[in-house]
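>
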Amino acid sequence: MKFFLLILKNLRRSKLRTTLTALAVMVMVTICTEMMTILFWVHQHVHTQASQSKLLVSERWVAPSCIPARYLSLLTCQEGVEDWTLWNLYTGFLDASRQQNRKGFGLATRPDNLIAMHLGLEKLDPAAVEALKREKTGAILSADIMQQMGWKVGQQFTVLSSSHPNKDLRFKIVGVLPPGEYTRNFFFREDYFEEGTGNKETITCVWLLLRDAGTARRVADRIQEQFQHYQPELKVENESAGVARFVSREEAILSIIELVAGILVLDMVIVLSNSISVATRERKVEMAVLKVLGFEPLTIMLLVIAEAMLIGAISGFVGAGLSWLCSTLAVHGILPSRIATRIFINFPIQTEMILWGAFIGAFVGFIGSVVPAWNARKVKVSDVFAKIA
Amino acid sequence: MNANPLIVVEKVAKEYARGSERISVLRSVNLEILSGDFVALIGPSGSGKTTLLNLIAGLDQPTRGRVLFDGLEISKLDETRLARWRTNAVGFVFQFFHLIPVLTAYENVELPLLLLNMTARRRREQVEKVLDLVGLTHRLHHRPGQLSGGEQQRVGIARALVTDPKLIVADEPTGDLDSVKSREILDLLQSLQQELKKTILLVTHDPTAAARARRVLRIDKGALVEERTSPERQRRALRPVAGAPG
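Protein sequences, first through last, are from chains S and B.
Start counting the first sequence at 12; every next residue gets the next number (this note's numbering).
Start counting the second sequence at 68; every next residue gets the next number (this note's numbering).
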């Protein structure tokens, strides 16, 4: 603590350089936190949150899957099934421009157990579900779509269907999905789907909720066995496997994200290392004076490292804090929906990321300052003063 | 002045390597400095003054021979132990002051005390005491850039004194000052020696500055000769400087 003032004052030595270094770290931490959020989200869904006791049943060989509706009763009456729901996919354009970025992916489902059967809808307002139960044409839309289209709850809209030609459906907005999970989706009632499209024969997929993971495995084996000679044949996987399958398709993109995050961290290390090296070189005489006054080589080394870690931690904290602020403002609709802000809506930054930002900054500061600090440690007093003389 | 030697330099040699060539800067130097003495070390540039000063102050290690400070062989200490020793034993005054520009006069003087196990209150008392001693209580919160050269050197002297060391080493302390300020600084060093009984080792080119010392040593081509000793010292008939080869 005694040396804190000295470290702090050293940062004020070259305000321009400190500011530029801090800005560089801030920008990179901002990008890093968003990338970490995406990777964290994927990891959490594949490995942690995705329930092992929920099964996803779809058609084995065809995508998009098309299960005969008559299978439904055979699937849901399996012993151990506690609850179930279904999805029917209904895609289309949200306005007449028919631009790709105006596309929405509707999921026709049961409204009564909407929250219980869908991961990520835990924070959905129950009033929206109640409204969906009352309103046959009701739809609950993602915050992203709502912002992009500038729609409000209570408003009506028409989807120009691309999956069901000439079966455009008109909906009434009854609620907004919590941010994070379903970014370009909207949920609506299965009975309205059947009525509107006339499709009562097929289902895209069925979700089964089982008592526990063991039951889920047994039921999955039983369904595979029972339906192996049916046409079409069925595929059963648990929810995490379903997410993993999605992820595996996007694996290349995720690898790129990981690589870019790694490069950014390395870049931060270089920027900070360079800045600290310059600062240390400029202060060689001061380092020598500190040694003369009795500062041990290790203390001098720690002072340099602490200085870099402090600048890194502060910049990281501010950078991640700004990302969190932008994300929060975007999620609450205060920031307009643009390409730049949509990522914040799709992958909202959690509050704890601010601390992670500070940690990343401090870590980068530590790595980046090791070499300059080691050089400062080795400053030879007699050589420095001989050069001055 | 105490008759016991504070510093004993025995057959000290210092060589540097320049490529394959060995350059001898000091050649078998012997020296004793009594506690409370005021010694000036003079000599032309490159004669080895600062090298000897560095060896006595524990900033460098001799190639041969040994340096004892108050009975402790400092030439055997490693860098870390030397640093700890310096905090308490030696105060340094530099030609170019070498104050930390981002710190105030007060903070610059407080710096060596941060290394000691002292409460903030004790540190404050000590810093204010030495700044009062050098007449700078009105400039406590000024940064070096806001002080004159003479004032900066006073801060440098206060910093050297703040840990209450036995030895004050001053390397050309008036080299960057005008004659009036030089006189003030030399008066101050002299009063420290007389009133606080500090041992002062002054390296200088300036004969006027050297004249303030009780004892003047000349170093030339790595060898040391006694140039002038005060009558008092002569009476004590202490061992003269010896050992310069040739």
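Even glycine gets a Cβ: it sits at the ideal position worked out from N, Cα and C.
All values reported here derive from a predicted model rather than from experimental measurement.
(1) CA-CA distance, Leu305 of chain B and Leu228 of chain B?
(2) Indicate whether at least one CB of chain S lies closer than 8 Å to the CB of Asp104 of chain B.
(3) By DSSP, does Ser95 of chain B sit in helix, in strand, or in coil?
(4) Taking 8 Å as the limit between beta carbons, can you name the residues of its chain near Gly209 of chain S, skipping five residues before and five after?
(5) Alpha carbon to alpha carbon, how far is Thr213 of chain S from Ala231 of chain S? Give it in angstroms, no decimals.
(6) Between the region 332-349 of chain S and the region 154-165 of chain S, do at least 3 Cβ pairs fall closer than 8 Å?
(7) Which same chain residues, not among the five before or five after Ser173 of chain S, have their C-beta less than 7 Å away from its C-beta?
(8) For the region 72-120 of chain S, which segments carrying the beta strand (DSSP E) assignment without a break, of at least 3 residues, lie completely within its bounds, in sequence order?
(9) Would you be able to state if there are at least three C-beta pairs under 8 Å between the region 39-47 of chain S and the region 323-331 of chain S?
(10) Look at the alpha carbon of His272 of chain B and the alpha carbon of Arg148 of chain B, and state the distance between them as a whole number of angstroms.
(11) Would you tell me roughly how many angstroms separate the C-alpha atoms of Ile356 of chain S and Val271 of chain S, rounded to the nearest one?
(12) Along chain S, in chain order, which residues have C-beta atoms closer than 7 Å to that of Glu192 of chain B?
(13) Using DSSP with H/G/I as helix, E/B as strand and the rest coil, what is Gly149 of chain S?
(14) Quickly, what does DSSP pair Ala237 of chain B with across the bridge? List them, please.
(15) Give a yes or no on whether the minimum CB-CB distance between His205 of chain B and chain S is below 8 Å.
(16) For the alpha helix (DSSP H) that Ala84 of chain B lies in, which residues bound it at each end?
(17) Got a sec? Which residues, its chain only, sit under 8 Å from Leu203 of chain B by beta carbon, not counting five neighbours each side?
(18) Just verifying my parser: in three-state terms, what is the DSSP assignment at Ala227 of chain S?
(19) First and last residue of the beta strand (DSSP E) that includes Glu248 of chain S?
(20) Does the Cβ-Cβ distance between Leu170 of chain B and Lys20 of chain S come in under 8 Å?
(21) Kindly indicate the opening and closing residues of the alpha helix (DSSP H) around Lys20 of chain S.
(22) For Trp218 of chain S, name the three-state secondary structure that DSSP assigns.
(23) 8 Å is my cut-off, CB to CB: does Thr154 of chain B come that close to chain S?
(24) For a test of your reading of the model: does the CB of Glu307 of chain S fall under 7 Å from any non-hydrogen atom of the ligand MN? Yes or no.
(25) What's the call for Trp72 of chain S, buried or exposed, on a 16-neighbour Cβ count within 10 Å?
(26) Would you kindly work out how many angstroms separate the C-alpha atoms of Pro111 of chain B and Asp287 of chain B, rounded to a whole number?
(27) Starting from the beta carbon of Gly305 of chain S, find every residue of chain B whose beta carbon is closer than 7 Å, and list them in chain order.
(28) Counting only Cβ pairs nearer than 7 Å, list the residues of chain S close to Glu146 of chain B.
(29) Measure how close the beta-carbons of Ala119 of chain S and Ile322 of chain S come, nearest whole angstrom, since I'm counting them as under 8 Å.
(30) Decide if Ile90 of chain B is buried, meaning its Cβ has at least 16 other Cβ atoms within 10 Å, or exposed.
(31) So with Cβ pairs under 8 Å, would you call Val390 of chain S a contact of chain B?
(32) Which same chain residues, not among the five before or five after Pro243 of chain S, have their C-beta less than 8 Å away from its C-beta?
(33) If we count the other Cβ atoms within 10 Å of its Cβ and call it buried at 16 or more, is Pro176 of chain S buried or exposed?
(34) For Arg281 of chain B and Leu108 of chain B, what's the separation of their Cα atoms in angstroms?
(35) Who are the Cβ neighbours of Ser64 of chain S in its own chain at under 6 Å, not counting the five residues just before and after it?
(36) Shortest alpha-carbon distance to Ile18 of chain S belongs to which of B:Asn184, B:Leu253, B:Glu174?
Taking the definition as stated:
(1) Sequence index remark: in the second sequence, residue 305 of chain B carries index 238 (1-based). Sequence index remark: in the second sequence, residue 228 of chain B carries index 161 (1-based). Bear in mind that a pLDDT of 41 at Leu305 of chain B, under 50, signals an unreliable position, so the number given afterwards is only what the model happens to contain. Whole-angstrom Cα-Cα distance: 28 Å.
(2) As a first step, residue 104 of chain B is located in the second sequence; it is residue number 37 there, counting from the start. It does not; no Cβ of chain S falls within 8 Å.
(3) Translated into positions along the second sequence, residue 95 of chain B becomes position 28. When secondary structure is reduced to three states using DSSP, Ser95 of chain B falls in the strand class.
(4) One-based indexing of the first sequence puts residue 209 of chain S at position 198. The answer, listed in chain order, is Lys178.
(5) Mapped onto the first sequence, residue 231 of chain S falls at position 220. Mapped onto the first sequence, residue 213 of chain S falls at position 202. Their backbone Cα atoms lie some 21 Å apart in a straight line.
(6) With the cut-off at 8 Å, the region 332-349 of chain S and the region 154-165 of chain S touch.
(7) The residue given as residue 173 of chain S occupies position 162 in the first sequence. Within the same chain, Ser173 of chain S has close Cβ partners Thr102, Gly103, Phe104.
(8) The beta strand (DSSP E) runs of length 3 or more contained entirely in the region 72-120 of chain S are, from start to end of the chain, 92-104, 114-120.
(9) With the rule of 3 Cβ pairs closer than 8 Å, the region 323-331 of chain S counts as touching the region 39-47 of chain S.
(10) The residue labelled residue 272 of chain B in the question sits at position 205 within the second sequence. The residue labelled residue 148 of chain B in the question sits at position 81 within the second sequence. Those two C-alpha atoms are separated by around 32 Å.
(11) Against the first sequence, residue 356 of chain S aligns to sequence position 345. Against the first sequence, residue 271 of chain S aligns to sequence position 260. Going from the Cα of Ile356 of chain S to the Cα of Val271 of chain S covers about 21 Å.
(12) The residue given as residue 192 of chain B occupies position 125 in the second sequence. In chain order: nothing, as chain S lies at least about 16 Å away.
(13) Walking along the first sequence from the start, residue 149 of chain S turns up at place 138. Judged by DSSP in its simplified three-state form, Gly149 of chain S adopts strand.
(14) Looking up residue 237 of chain B in the second sequence gives position 170. As computed with DSSP, Ala237 of chain B is found in a beta bridge with B:Val160, B:Leu269.
(15) Walking along the second sequence from the start, residue 205 of chain B turns up at place 138. With a threshold of 8 Å between beta carbons, His205 of chain B makes no contact with chain S.
(16) As a working mapping, residue 84 of chain B is identified with position 17 in the second sequence. Looking at the DSSP string, Ala84 of chain B is not in any alpha helix (DSSP H); the run it does join, the beta strand (DSSP E), is 72-85.
(17) By 1-based counting over the second sequence, the position of residue 203 of chain B is 136. Taken in chain order, the residues that qualify are Ala172, Glu218, Arg221, Val222, Ala225.
(18) Walking along the first sequence from the start, residue 227 of chain S turns up at place 216. DSSP places Ala227 of chain S in the helix class (H, G or I) of the three-state scheme.
(19) For the purposes of this step, residue 248 of chain S is taken as residue 237 along the first sequence, with counting starting at 1. 245-249 is the extent of the beta strand (DSSP E) around Glu248 of chain S.
(20) In the second sequence, counting from the first residue as 1, residue 170 of chain B sits at position 103. In the first sequence, counting from the first residue as 1, residue 20 of chain S sits at position 9. Judged by beta-carbon spacing, Lys20 of chain S lies within the 8 Å limit of Leu170 of chain B, meaning their Cβ atoms are closer than that value.
(21) Locating residue 20 of chain S in the first sequence gives position 9, where the first residue counts as 1. Segment 15-22, the alpha helix (DSSP H) holding Lys20 of chain S.
(22) Looking up residue 218 of chain S in the first sequence gives position 207. Trp218 of chain S sits in a strand when the DSSP states are folded into three classes.
(23) Here the question's residue 154 of chain B lines up with position 87 in the second sequence. Taking Cβ atoms only, chain S reaches closer than 8 Å to Thr154 of chain B, which makes this a yes.
(24) The ligand MN is not part of the structure shown, which contains no ligands of any sort.
(25) For the purposes of this step, residue 72 of chain S is taken as the residue at position 61 of the first sequence. It is exposed - the Cβ of Trp72 of chain S has fewer than 16 other Cβ atoms within 10 Å.
(26) Within the second sequence, the letter at position 44 stands for residue 111 of chain B. Within the second sequence, the letter at position 220 stands for residue 287 of chain B. Note on geometry: alpha-carbon atoms of Pro111 of chain B and Asp287 of chain B lie some 7 Å from one another.
(27) One-based indexing of the first sequence puts residue 305 of chain S at position 294. Under the 7 Å cutoff, chain B gives Ala150, Arg151, Arg153, Thr154, Pro179, Leu182.
(28) For the purposes of this step, residue 146 of chain B is taken as the residue at position 79 of the second sequence. Residues of chain S passing the Cβ test: Pro308.
(29) Taking the first sequence and counting its residues from 1, one reaches residue 119 of chain S at position 108. Taking the first sequence and counting its residues from 1, one reaches residue 322 of chain S at position 311. With a contact defined as Cβ atoms closer than 8 Å, Ala119 of chain S and Ile322 of chain S miss out at about 54 Å.
(30) Taking the second sequence and counting its residues from 1, the one referred to as residue 90 of chain B is at position 23. Within 10 angstroms of the beta-carbon of Ile90 of chain B lie fewer than 16 other beta-carbons, which makes it exposed.
(31) Position 379 of the first sequence, counting from 1, holds the residue named residue 390 of chain S. Under the 8 Å criterion on CB atoms, Val390 of chain S is classed as non-interfacial with respect to chain B.
(32) In the first sequence, the residue the question calls residue 243 of chain S occupies position 232. If we look at Pro243 of chain S and ignore the five residues flanking it on each side, its Cβ neighbours are Glu70, Arg71, Trp72, Val73, Cys77, Ile78, Pro79.
(33) The residue you call residue 176 of chain S lines up with position 165 of the first sequence. Exposed.
(34) Residue numbering aside, residue 281 of chain B sits at position 214 when the second sequence is read from its first letter. Residue numbering aside, residue 108 of chain B sits at position 41 when the second sequence is read from its first letter. The straight-line gap from Cα to Cα measures roughly 11 Å.
(35) Here residue 64 of chain S refers to the residue found at position 53 of the first sequence. Listed in chain order, the non-local C-beta contacts of Ser64 of chain S below 6 Å within the same chain comprise Leu221, Asp223, Ala224, Ala227, local neighbours out to five positions each way being set aside.
(36) In the first sequence, the residue the question calls residue 18 of chain S occupies position 7. Comparing alpha carbon positions, the residue from B:Asn184, B:Leu253, B:Glu174 closest to Ile18 of chain S is B:Glu174.
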